[in-house]
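Residue numbers (my numbering): 1 to 174.
To start, the structure itself, in structure tokens.
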Amino acid sequence: MDKDELRKIILQERKNIEDKENKDAYICQKIISSIHFMNSKTIAFYMAKDGEADIITATIEAWKSGKTVVLPKIINNELNFVLYQQGDTLLRGKFNILEPKENIIVPPGDIDLFIIPGLAFDEKYHRLGYGKGYYDRYLKNVNAYKIGVCYKKFLFKEIPYNQNDVLMDEILTE
Numbered sequence: 001m002d003k004d005e006l007r008k009i010i011l012q013e014r015k016n017i018e019d020k021e022n023k024d025a026y027i028c029q030k031i032i033s034s035i036h037f038m039n040s041k042t043i044a045f046y047m048a049k050d051g052e053a054d055i056i057t058a059t060i061e062a063w064k065s066g067k068t069v070v071l072p073k074i075i076n077n078e079l080n081f082v083l084y085q086q087g088d089t090l091l092r093g094k095f096n097i098l099e100p101k102e103n104i105i106v107p108p109g110d111i112d113l114f115i116i117p118g119l120a121f122d123e124k125y126h127r128l129g130y131g132k133g134y135y136d137r138y139l140k141n142v143n144a145y146k147i148g149v150c151y152k153k154f155l156f157k158e159i160p161y162n163q164n165d166v167l168m169d170e171i172l173t174e
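Listed below in structure tokens is the structure:
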């Protein structure tokens, strides 16, 4: 099965995740109890879309802990991570993903931890994204710790990958 076929299947299956709210809460708890979360000053989160694990609770906990929160934003057709403070306005971006209105870009070297969504991951830390390559291009020269997030159902023994795919350091599921 190739990447495009697998994407279609997962997008369909993700619409029917049972007990999503509890699974999301459990994933958030795993994130905030992670040593990498505790030791990070600046953390890149994401805003969930299309059935992704919703990690907003972990984002709120980061603010409560005095951490700097950044979110992905497409600017000039490139992925950037921009400052996201409590109360900031979020607007729908290029792929209908909520992004901060402001463009206060945080350099990659200033981000300690990335929490990264994926359609699927595998046991070798490969990530299957949406096929546009934004995260892979951004992360290829980033040394920060990378945690991939998905539901257990979408963690496979092996998924299709290529040499441009950036490996995660850890995968969290419910």
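Even glycine gets a Cβ: it sits at the ideal position worked out from N, Cα and C.
As the structure is a computational prediction, the values presented were derived from the model and not from experiment.
Length of the line joining the Cα atoms of residue i and residue j
i    : j    : result
I171 : S33  : 14 Å
L11  : I159 : 15 Å
E123 : V149 : 13 Å
Y84  : D19  : 29 Å
T59  : L98  : 14 Å
A62  : A53  : 17 Å
P108 : F154 : 28 Å
K49  : L119 : 11 Å
Cβ distance (whole Å) where residue i is taken to contact residue j below 8 Å
i    : j    : result
K152 : T173 : 4 Å
Y46  : I105 : Contact flag wrong, Cβ pair sits at about 16 Å.
Residues near residue i in its chain [Cβ-Cβ closer than 7 Å; skip 5 each side]
i   : result
K30 : L172
K15 : G51
Collapsed DSSP secondary structure at residue i in the structure displayed
i    : result
E61  : helix
G109 : helix
N80  : strand
E170 : strand
E52  : coil
I159 : coil
E102 : coil
K152 : helix
F37  : helix
Residue span of the alpha helix (DSSP H) that contains residue i, given as start and end
i   : result
N22 : K20 to I32
Span of the beta strand (DSSP E), counted from its first residue to its last, around residue i
i    : result
F121 : A120 to D122
Y145 : Y145 to V149
R92  : L90 to R92
Beta-carbon contacts of residue i that lie in its chain and below 6 Å, excluding the five residues immediately before and after
i    : result
D112 : S40, K41, T42 and A144
D169 : Y145 and K146
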